[in-house]
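**Student:** Take a look at this one; I'll ask things after.
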Amino acid sequence: MLQFLESGGRMGRPDNCPENFYEVMYECWMSEPEERPDFLTIRQKLAAQLEEITEEYSYLTLDAQKDYYGVQYEDQ
């Protein structure tokens, strides 16, 4: 696996994953850390893509007051 990654190999785009989402994923896998997007950039790109989706599919409505991106971790 290490040899695969060191030679530039990366996971292919999953089925049903939009190309623009995969591009963000792929950028996060760059070999050089300085080439990877920071969390603010990732958030901005995903937010922009979400806006495009909601414009295209107007029946998808999100509550602006809800914290959709909140992640909680359980202690192990």
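Numbering-wise (the UniProt record's numbering), the sequence shown opens with residue 1 and increments by one. Just so it is clear, CB atoms sit at the ideal spot from N, CA and C, and this is done for glycine as well.
According to DSSP, simplified to helix, strand and coil, what is Arg10?
**Tutor:** If you number the sequence shown from 1, residue 10 lands on position 10. If DSSP states are grouped into helix, strand and coil, Arg10 belongs with coil.
**Student:** To the nearest angstrom, how far is the alpha carbon of Val24 from that of Gln3?
**Tutor:** The count along the sequence shown starts at 1 and reaches residue 24 at position 24. The count along the sequence shown starts at 1 and reaches residue 3 at position 3. The alpha-carbon atoms of Val24 and Gln3 are separated by roughly 23 Å.
**Student:** If Glu51 and Pro37 are in contact, beta carbons under 8 Å, what's the gap, nearest whole angstrom?
**Tutor:** For the purposes of this step, residue 51 is taken as residue 51 along the sequence shown, with counting starting at 1. For the purposes of this step, residue 37 is taken as residue 37 along the sequence shown, with counting starting at 1. About 18 Å; that fails the 8 Å criterion.
**Student:** Could you tell me whether the Cβ atoms of Arg10 and Trp29 are closer together than 7 Å?
**Tutor:** Stepping through the sequence shown from its first residue, residue 10 is reached at position 10. Stepping through the sequence shown from its first residue, residue 29 is reached at position 29. Yes. Within cutoff.
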